[in-house]
Amino acid sequence: MLPGMITYIWAAFIILTVIYFISRSLLPGLFEEHKAVVGVAVLILTVFMLISPISSAPSDILLSPGVRTEPKYRVVATTQLDISDPESFEEIPLEMGSWRGQDLYGPQYVRAVESMGGELLLQRGYHNDEGVFTWLLVMYGPRSAAFHDAEACYYLTGWTILGKGVEPFRVPGTEVEMYAKRLRVMKGNQQRLLFYWTMEKPGPGGRVVGLRVGTFVSGGDWRRADQALRDLVEHIYKHLYKAGEEREILMEYLLSRYGGAAYG
72 MLPGMITYIW
82 AAFIILTVIY
92 FISRSLLPGL
102 FEEHKAVVGV
112 AVLILTVFML
122 ISPISSAPSD
132 ILLSPGVRTE
142 PKYRVVATTQ
152 LDISDPESFE
162 EIPLEMGSWR
172 GQDLYGPQYV
182 RAVESMGGEL
192 LLQRGYHNDE
202 GVFTWLLVMY
212 GPRSAAFHDA
222 EACYYLTGWT
232 ILGKGVEPFR
242 VPGTEVEMYA
252 KRLRVMKGNQ
262 QRLLFYWTME
272 KPGPGGRVVG
282 LRVGTFVSGG
292 DWRRADQALR
302 DLVEHIYKHL
312 YKAGEEREIL
322 MEYLLSRYGG
332 AAYG
C-alpha cells in the first residue's frame, strides 16, 4: 500500500463511523433506507485498515523514471534523505568510489527549472580515475511543477534523439528493483548519454524531486559512457536509498498482542 493512503483510509473510516452513529440516533428513517450501503462501506474500510501497516515510514517515497510514467515502473522505496528538506540533498557526497565531484553553477539550468515551477537544488560535476566527466542535476518542486521529460528538453533545443528506454537498477544490498530512463542524444559532433528519474513524497503537500545524470560520449564509445554512468548512478542510489523496513500490519499486531480475544 502506498504511503499516504493509510491516513486517508483512517480518516474515511472515522468519518463514516461518526455518520453511522449520528444517522442512527437523529435520522433513523434515513439510516434504515441506506444502512446496507453504509454497512458495506464501513466493512471495506475496516478490512483495509486491518491489512495496512501500523505506520508508514516518513522516509517512504514513490520512485519512478518520470512524473508521468507507466505504473509497472513505479515502486515504493525507502530513502536515507528527508526529501521534504531541500538542504538534505547536499549530503550526497562529493567523493563516491572512484568519482570526485565539485559544485557547479549553470544559470541556464536554473532559469529552465524555475520556469517549470521548481528549484534547482544541486549542480555537480564528477570525474573518475579514467577521466570520464559526468554531471548531476537535482530539481525540486511541488507536485504541480511541470518537470517535463529530458527527452523534450533536448528535442526542443535541436538535439536528435538516437535512442531511449527504461533501465533497471538495484539498491546495493537489496533485491528492490528500481528504474531510470536512459536517453542517447546527438547535436552536430556532440553526443550525450543520460539517466534520469523522479522521487515523490505521496500525500498532502507532497514534493517531487527530479534527478538527472549525464556524460559526454567521446569517439562514439557509448559502451564506455554507459558503464561509467551506471557506476555513478549505483553510487548515488547507495547514498539515497536503503532497504525498506518491514512494518507490522494492524491485524498481526492485534493477534500477537491479544490473541483470539482480538476478535471478541
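Taking my numbering, the leading residue of the sequence shown gets 72, the next gets one more, and so forth.
For each residue, glycine too, the CB sits at the ideal point set by N, CA and C.
Per the C-alpha coordinates, the member of 238, 224, 190 positioned closest to residue 232 is 224. Within a 10 Å sphere around the beta-carbon of residue 250 sit 16 or more other beta-carbons, which makes this residue buried. Distance from the CA of residue 181 to the CA of residue 170, rounded to the nearest whole angstrom, comes to 24 Å. According to the DSSP secondary-structure assignment, residue 192 is paired through a beta bridge with no residue.
Setting aside the 5 residues that flank it on each side, residue 184 is surrounded in the same chain by 190, 191, 210, each with a C-beta closer than 7 Å to its C-beta; the list follows chain order. Pairing residue 220 with residue 200, the inter-Cα distance amounts to about 31 Å. Assignment of residue 230 by DSSP, reduced to helix, strand and coil, places it in the coil class.
Boundaries of the alpha helix (DSSP H) harbouring residue 309: 293 to 311, taken from the DSSP string.
In terms of CA proximity to residue 271, 155 leads the group 198, 143, 155, 151.
Taking 8 Å as the cut-off, the beta carbon of residue 193 is found closer than this to the beta carbon of residue 208.
The Cβ atoms of residue 269 and residue 281 lie closer than 8 Å to each other.
Apart from the 5 residues on each side of it in sequence, residue 204 sits with its Cβ closer than 6 Å to the Cβ of 198 in its chain, given in chain order. Looking at the DSSP output, residue 264 bridges to 255, 286. With contacts defined as CB atoms closer than 8 Å, residue 264 and residue 288 qualify as a contacting pair. Comparing alpha carbon positions, the residue from 196, 165, 157, 252 closest to residue 212 is 157. Distance from the CA atom of residue 164 to the CA atom of residue 173, rounded to whole angstroms, is 10 Å. Selection 278, 293, 247, 258 evaluated against residue 146 yields 247 as nearest (Cα-Cα).
Counting along the chain, residue 212 sits inside the beta strand (DSSP E) bounded by residues 204 to 213. In this chain, residue 151 is not harboured by any beta strand (DSSP E), its DSSP state being neither H nor E. CA-to-CA, the gap between residue 151 and residue 238 works out to about 22 Å.
Judged by DSSP secondary structure, residue 172 falls within the beta strand (DSSP E) whose first and last residues are 170 to 174. Between residue 306 and residue 229, the alpha-carbon positions lie close to 31 Å from each other. Counting C-beta atoms within 10 angstroms of its own C-beta, residue 262 has 16 or more neighbours from the protein chains shown and is therefore classed as buried. Within the same chain, 194 come within 7 Å of residue 177 by CB-CB distance, once the 5 residues on both sides are set aside. The residues 233, 234, 264, in chain order, have a CB closer than 6 Å to that of residue 255 in the same chain once the five nearest residues on each side in sequence are set aside.
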